[in-house]
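Chains as they are written, first to last, in full-length UniProt numbering: chain A, 1 to 210; chain B, 1 to 210. Ideal Cβ placement from N, Cα and C applies to all residues, glycine included. For reference, the structure discussed in these notes is given below.
Number of protein chains: 2
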Amino acid sequence: MSGGSTPIRLLLADDQALVRGALAALLSLEEDLTVVAEVGRGDEVVPEARRSAPDVALLDVEMPGLDGIAATSALRAALPTCRVLVVTTFGRPGYLRRAMEAGASGFVVKDTPARQLADAVRRVHAGLRVVDPTLAAETLAAGVSPLTERETEVLRTARGGGSAADLARALHLSEGTVRNHLSAAIGKTGARNRADAIRVAEQNGWLLGE
Amino acid sequence: MSGGSTPIRLLLADDQALVRGALAALLSLEEDLTVVAEVGRGDEVVPEARRSAPDVALLDVEMPGLDGIAATSALRAALPTCRVLVVTTFGRPGYLRRAMEAGASGFVVKDTPARQLADAVRRVHAGLRVVDPTLAAETLAAGVSPLTERETEVLRTARGGGSAADLARALHLSEGTVRNHLSAAIGKTGARNRADAIRVAEQNGWLLGE
DNA sequence: CGGCTGCCCTGACAAATGTCACGGTCGGAG
DNA sequence: CTCCGACCGTGACATTTGTCAGGGCAGCCG
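Right under this line is the structure:
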């Protein structure tokens with residue numbers, strides 16, 4: 001199954017040190033895999049990758065410094081030969097789409113059995129694509145974001161919890177305009193509240209780009 | 001440091017299979033530790049513990065079926081000799097307090113370096129208490145919940161996102177009363193919104209007891 | 001060009017949310 | 001017993017939020 005030649009070099013990126021170390025232990029059990037680098041922040045991925053030249057990078061989505069998706073783009077641009085496998089905590093439908101668009105070769109949720117991870121790494125290294133089938137179905141169902149640019153921006157700013165007047169000031173808009181965008185977003189997401197709309201949009205990954 | 005006699009028997013409970021397996025791999029590297037059981041739901045902890053008789057149980061807080069805190073109580077009641085080490089994703093200040101009240105011997109966040117985990121397990125097994133010092137400080141700062149029982153209940157129900165009228169119907173109260181409790185909670189949490197108050201209360205672990 | 005669509009912006013209006021003052025009950029302290 | 005404080009419950013009131021109709025501006029197609 002795995003040649004006895006040079007092992008696959010791995011970079012791990014996860015903000016939770018315990019999980020990172022545990023994954024390293026798990027993957028190191030495989031003879032054809034070797035962990036050459038570990039980082040805890042998204043903005044450390046590219047510098048560390050330049051130094052250690054991994055074959056495959058395992059990136060978490062939720063990370064400080066830089067989004068896992070953004071880190072994927074940056075890494076693909078900096079080291080095109082390095083494949084990316086995104087390993088995320090919870091399978092927000094839109095994350096998969098964004099990750100693939102950013103150049104990831106695989107997408108795995110942390111619910112999957114541990115034994116499958118090594119196989120996923122090998123498949124990605126071989127140039128194949130790896131996706132959770134059920135998650136892929138959900139992604140197709142969720143579709144692309146129906147929100148317009150302004151609506152997304154307003155909703156994103158509204159996460160902070162300020163009042164409509166605050167948002168208006170922050171975005172240099174009239175208070176009524178802000179409320180109108182919010183209303184449109186509420187309608188499109190099928191929510192009842194502003195808070196509800198934020199939840200739905202976040203769950204679908206429609207608020208990503210920082 | 002560790003005697004060559006019988007190893008410490010461990011039970012792992014975490015809803016993310018990948019993390020669970022990775023932790024098992026990490027801990028199995030230690031000669032004096034052995035993982036005898038793994039479960040993915042809170043309500044499977046006690047039955048599985050009865051069967052496998054572990055010395056120490058590592059429980060995540062966020063789990064389906066039964067809260068990690070509640071699982072701690074249940075496990076302490078069922079097998080008093082089994083120590084509990086709570087290993088949680090994010091260190092909500094109030095979680096620590098609740099976990100200790102429920103009978104946990106230790107509380108570790110997943111940000112801690114992987115090498116310390118095995119030591120934490122050994123300390124817990126030896127009858128010592130293990131807590132993250134910075135988290136302990138935060139917990140004291142956050143203090144006990146200032147919310148009254150009704151306020152907590154209303155806030156907890158409000159998480160679903162319904163309108164005040166919905167809450168009133170669900171709780172058999174007047175709509176005005178619901179708004180009043182909400183208002184009190186908003187004041188006590190220092191929030192501006194209902195949504196804000198929910199966030200703050202959740203972050204401090206004041207909404208736990210299901 | 002004229003018509004059309006889609007997005008952005010805005011103010012007026014209705015509905016919800018948050019605040020306030022008040023009354024009732026229970027338990028402990030003086 | 002009486003007072004006092006804490007909690008619960010309620011309605012009236014001001015503020016905020018969500019909805020609606022409509023105007024302005026770009027791009028696209030006939």
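- Residue 81 of chain B and residue 114 of chain A have their C-alpha atoms roughly 30 Å apart.
- Counted as a single uninterrupted DSSP element, the alpha helix (DSSP H) harbouring residue 153 of chain B occupies residues 149 to 158.
- Ranked by how close their Cα comes to the Cα of residue 132 of chain A, the residues A/153, A/109 and A/208 have A/109 in first place.
- One Cα belongs to residue 107 of chain A, the other to residue 20 of chain B, and the distance between them is close to 19 Å.
- Here DSSP, grouped into helix, strand and coil, assigns residue 106 of chain A to strand.
- For the 8 Å CB-CB criterion, residue 35 of chain B and residue 75 of chain B do not form a contact.
- Residues of chain A with a Cβ closer than 8 Å to the Cβ of residue 173 of chain B do not exist; the shortest Cβ-Cβ separation is about 20 Å.
- In this structure, DSSP gives residue 29 of chain B a state outside helix and strand, which the three-state scheme calls coil.
- For residue 180 of chain B, there are no C-beta contacts with chain A under 7 Å, since the nearest C-beta of that chain is about 20 Å from it.
- The DSSP-derived three-state label of residue 18 of chain B is helix.
- Comparing C-alpha distances from residue 47 of chain B to each of B/33, B/29, B/31 and B/66 shows the shortest one belongs to B/66.
- As computed with DSSP, residue 10 of chain B is found in a beta bridge with B/35 and B/56.
- The DSSP-derived three-state label of residue 92 of chain A is coil.
- When secondary structure is reduced to three states using DSSP, residue 144 of chain B falls in the coil class, being assigned neither helix nor strand.
- Taking C-beta atoms under 8 Å as the contact rule, residue 204 of chain A and residue 94 of chain A qualify, at a distance of about 5 Å.
- In terms of beta-carbon proximity, residue 96 of chain A stays away from the interface with chain B, with every pair separated by 8 Å or more.
- Between the segment 190 to 201 of chain A and the segment 151 to 164 of chain B, the count of C-beta pairs closer than 8 Å reaches three or more; the two stretches touch.
- Setting aside the 5 residues that flank it on each side, residue 171 of chain A is surrounded in the same chain by 153, 154, 157 and 178, each with a C-beta closer than 8 Å to its C-beta; the list follows chain order.
- Relative to residue 202 of chain A, the option among A/64, A/92, A/122 and A/148 whose CA is nearest is A/92.
- If you check the CB distance, residue 85 of chain B and residue 120 of chain B come in under 8 Å.
- Cβ contact annotation for residue 6 of chain A (same chain, cutoff 8 Å, sequence separation greater than five): none.
- Residue pairing by DSSP leaves residue 46 of chain B without any beta bridge partner.
- For residue 117 of chain B, the enclosing alpha helix (DSSP H) starts and ends at 115 to 125.
- Excluding sequence positions up to five before and after residue 139 of chain B, its CB lies within less than 8 Å of the CB of 93, 94, 96 and 97, all in the same chain and listed in chain order.
- Annotated as proximal: residue 124 of chain A and residue 56 of chain A, with beta-carbon spacing under 8 Å.
- At least one beta carbon of chain A lies nearer than 8 Å to the beta carbon of residue 19 of chain B.
- Interface flag for residue 105 of chain A against chain B is unset, since no Cβ pair is found closer than 8 Å.
- For residue 23 of chain B, the C-beta contacts it makes with chain A under 7 Å involve 22, in order along the chain.
- Not flagged as an interface residue toward chain A: residue 60 of chain B, since no C-beta distance is shorter than 8 Å.
- For residue 61 of chain A, the secondary structure class from DSSP, reduced to helix, strand or coil, is coil.
- Taking a beta-carbon distance threshold of 8 Å, residue 9 of chain A does not count as an interface residue toward chain B.
- Ranked by Cα distance from residue 134 of chain B, the options B/112, B/148 and B/122 are led by B/112.
- Here residue 83 of chain A is buried: its Cβ has 16 or more other Cβ atoms, across all protein chains shown, within 10 Å.
- Not a single C-beta of chain B is nearer than 8 Å to the C-beta of residue 203 of chain A.
- From the listed residues B/8, B/42, B/62 and B/183, the smallest Cα separation to residue 30 of chain B is found for B/8.
- Non-local beta-carbon contacts of residue 73 of chain B in its own chain, meaning distances under 6 Å to residues more than five positions away in sequence, involve 102 in chain order.
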